[in-house]
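Position in the sequence shown (first residue = 1) + 6 = my numbering.
The beta-carbon is built from N, C-alpha and C at its ideal position, and this holds for glycine as well.
Following: one structure in structure tokens, then a few remarks.
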Amino acid sequence: MNFQDLNVPNEIIEGLKKQNITLPTKIQEEVIPKMLNGDDVAAVSQTGSGKTLAYLIPLFIKADVSLRSTQAIVLTPTHELAVQVYRQAELLSKNSGSGIKSVLVIGGANIARQIEKLREKPQIVIGSSGRILELIKKRKIQAHTVKTIVIDEADRMLDKYNINGVREVIKTTLKDSRQVVVLSASLSKEAMKEAKTLMKAPVKANGEKEMPSGIKHFYVVCEKREKLIMLRKIIAGIKPEKTIAFINDEQTIGEFVEKLRYHGLKVGGIYGEAKKFERKKVIEDFRRGNINLLISSDISARGLDFEGVDCVVNIDVPEEAVFYQHRAGRTGRNGKSGTVVSIITTVDKKWINRYERALNIKINHGKMSFGKLIEFAD
Ligand code: ADP
Ligand code: MG
Numbered sequence: 007m008n009f010q011d012l013n014v015p016n017e018i019i020e021g022l023k024k025q026n027i028t029l030p031t032k033i034q035e036e037v038i039p040k041m042l043n044g045d046d047v048a049a050v051s052q053t054g055s056g057k058t059l060a061y062l063i064p065l066f067i068k069a070d071v072s073l074r075s076t077q078a079i080v081l082t083p084t085h086e087l088a089v090q091v092y093r094q095a096e097l098l099s100k101n102s103g104s105g106i107k108s109v110l111v112i113g114g115a116n117i118a119r120q121i122e123k124l125r126e127k128p129q130i131v132i133g134s135s136g137r138i139l140e141l142i143k144k145r146k147i148q149a150h151t152v153k154t155i156v157i158d159e160a161d162r163m164l165d166k167y168n169i170n171g172v173r174e175v176i177k178t179t180l181k182d183s184r185q186v187v188v189l190s191a192s193l194s195k196e197a198m199k200e201a202k203t204l205m206k207a208p209v210k211a212n213g214e215k216e217m218p219s220g221i222k223h224f225y226v227v228c229e230k231r232e233k234l235i236m237l238r239k240i241i242a243g244i245k246p247e248k249t250i251a252f253i254n255d256e257q258t259i260g261e262f263v264e265k266l267r268y269h270g271l272k273v274g275g276i277y278g279e280a281k282k283f284e285r286k287k288v289i290e291d292f293r294r295g296n297i298n299l300l301i302s303s304d305i306s307a308r309g310l311d312f313e314g315v316d317c318v319v320n321i322d323v324p325e326e327a328v329f330y331q332h333r334a335g336r337t338g339r340n341g342k343s344g345t346v347v348s349i350i351t352t353v354d355k356k357w358i359n360r361y362e363r364a365l366n367i368k369i370n371h372g373k374m375s376f377g378k379l380i381e382f383a384d
């Protein structure tokens with residue numbers, strides 16, 4: 007199937023070509039017609055399988071540029087992800103010459119500037135539910151003209167911390183004419199239940215089921231106090247282009263970054279507590295390659311798409327299988343290959359076994375030998 011078969015107009019097809027995108031991914035084949043048909047959609051597809059364009063393309067097709075009003079809202083769980091989606095929308099707009107405007111509406115950023123941008127009447131509003139709601143209440147965003155609400159990283163957005171904000175935003179739009187689209191690499195039963203309360207007659211869209219096959223998984227065993235040196239050994243052995251390493255306890259990220267920097271690594275950390283401009287700088291440095299190691303918490307890296315991440319390290323074993331899935335999914339994106347290494351202590355082995363079953367993957371026992379990561383036959 008190609009984009010023509012999906013009724014994607016020529017200018018968008020040509021625009022996508024400029025980004026070397028010529029064929030739709032499976033989830034794009036599924037979501038595009040359903041969204042064009044006006045359905046409420048619940049889409050599940052693995053990390054890195056192209057969910058962003060799966061919703062941006064139909065939003066572009068449906069948007070009426072002659073109407074200078076907000077027609078779609080995209081909600082994301084983090085500012086960084088909102089920025090990434092915004093950039094993808096801007097790129098598609100430029101490359102296709104569609105004239106569709108987007109605006110980034112996120113908390114912690116200058117509200118006056120956002121209001122200024124909203125005066126240009128962008129068709130697509132992308133951001134966090136809190137700030138979007140605030141601007142709807144201030145009548146800077148007209149919610150009654152909104153036709154589609156997209157909830158990216160839906161399992162996260164529909165959890166107990168975020169569901170109310172999402173609900174509030176949806177409530178401001180017109181029930182009869184609105185379409186709600188939720189997407190994630192993992193939709194738990196609870197998240198699906200919440201999603202259904204927001205939709206009329208949802209249809210399912212399934213993309214890639216299995217974790218990307220380009221990812222090789224390992225675990226290595228050491229003492230807790232040896233984790234830092236193990237991380238350094240892994241990086242020295244694999245020599246990755248870019249690495250994201252995850253820590254369970256956000257509070258310890260700063261300290262870890264300091265220690266690694268002391269050892270001469272080009273490293274930065276992203277975590278909720280860091281100031282917004284600091285987070286932004288770290289993300290930019292990592293994208294540009296000024297740093298090649300990013301220490302992150304689970305939430306911070308949700309959905310982020312960095313070119314060239316070929317290694318993910320779990321400094322701590324993730325607390326749930328879905329966390330493992332989303333962490334690992336920062337690599338092996340869009341058919342590329344990558345290595346995931348979990349640094350564990352002996353008591354953590356049970357989690358490895360559990361995640362192998364839950365995610366249908368093989369996590370090999372690895373060992374550092376003569377400076378290289380090798381598979382250990384147990
Ligand atoms: P997901 O949201 O499913 O995790 P993304 O939307 O972030 O994945 O896309 C992952 C990467 O794949 C991005 O760099 C994107 O530009 C690229 N991509 C998306 N669709 C296609 C396609 N049809 N062909 C090639 N690359 C694509
Ligand atoms: Mg995504």
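query, result
"Residue environment, N116, which counts as buried when at least 16 other CB atoms sit within 10 Å", "exposed"
"Same chain only: Cβ atoms within 7 Å of L110, ignoring 5 sequence neighbours per side", "A88, V89, Y92, I132 and G133"
"Supposed close pair Q129, A78 - CB separation, criterion 8 Å", "7 Å"
"Residues of its chain near I18, where Cβ-Cβ distance is below 8 Å and the 5 sequence neighbours each way are ignored", "F9, I63, F66, I67, L98, S102 and S104"
"Residues that DSSP places opposite F224 in a beta bridge", "V347 and N370"
"V14 to G372 span [Cα, whole Å]", "46 Å"
"Endpoints, alpha helix (DSSP H) assigned at N16", "N16 to K23"
"Other residues of its chain near N366: CB distance less than 7 Å, five sequence neighbours each side excluded", "E216"
"Heavy atom of the ligand ADP within 7 Å of L59 beta-carbon", "yes"
"Distance CB(S303)-CB(Y277) smaller than 8 Å", "yes"
"G136: first and last residue of the uninterrupted alpha helix (DSSP H) it sits in", "S135 to K143"
"Cβ-Cβ separation, I147 to A251 (assumed contact under 8 Å), whole Å", "The Cβ separation is near 38 Å, so there is no contact."
"Beta-bridge partners of A48, as assigned by DSSP", "V188 and K210"
"For T76, three-class secondary structure by DSSP", "coil"
"Beta-carbon proximity list for K127, same chain, < 7 Å, skipping 5 on both sides", "R74 and S75"
"Span of the beta strand (DSSP E) around A251", "K248 to F252"
"G275 - partner residues in DSSP beta bridges", "I301"
"Where I321 falls: helix, strand or coil (DSSP)", "coil"
"Assumed close pair V187, D46 - CB separation to whole angstroms, cut-off 8 Å", "7 Å"
"I240 in three-state terms, based on DSSP", "helix"
"Nearest neighbour of V152, chosen from R162, S135, K181 and E140 [CA to CA]", "K181"
"CA nearest to the CA of I349, picked from L379, H332, K272 and E247", "L379"
"heavy atom of the ligand SAM below 7 Å from I305 C-beta", "Absent from the structure shown: the ligand SAM. Ligands present: the ligand ADP and the ligand MG."
"Straight-line gap, G260 to K202 (C-alpha atoms, nearest Å)", "39 Å"
"Enclosing alpha helix (DSSP H) for I38 [first to last residue]", "K32 to L42"
"Exposure label - S135; buried when at least 16 CB within 10 Å", "buried"
"Residue from E264, N254 and G21 with nearest C-alpha to S306", "N254"
"S102 - DSSP class collapsed to helix/strand/coil", "helix"
"Any non-hydrogen atom of the ligand MG within 7 Å of G213 CB", "no"
"Near the ligand MG: D158 beta-carbon under 7 Å from a heavy atom", "yes"
"Contact test: G335 Cβ vs the ligand MG heavy atom, cutoff 7 Å", "no"
"Three-state secondary structure assigned by DSSP to L204", "helix"
"DSSP bridge partner residues for V131 (one or two, in chain order)", "I79 and V109"
"Short Cβ contact (8 Å threshold) for V156 with L81", "yes"
"Three-pair Cβ contact test at 8 Å for the stretch 217-234 versus the stretch 275-290", "no"
"Stretch-stretch touch, CB-based, cutoff 8 Å, three pairs: the stretch 22-29 with the stretch 159-171", "no"
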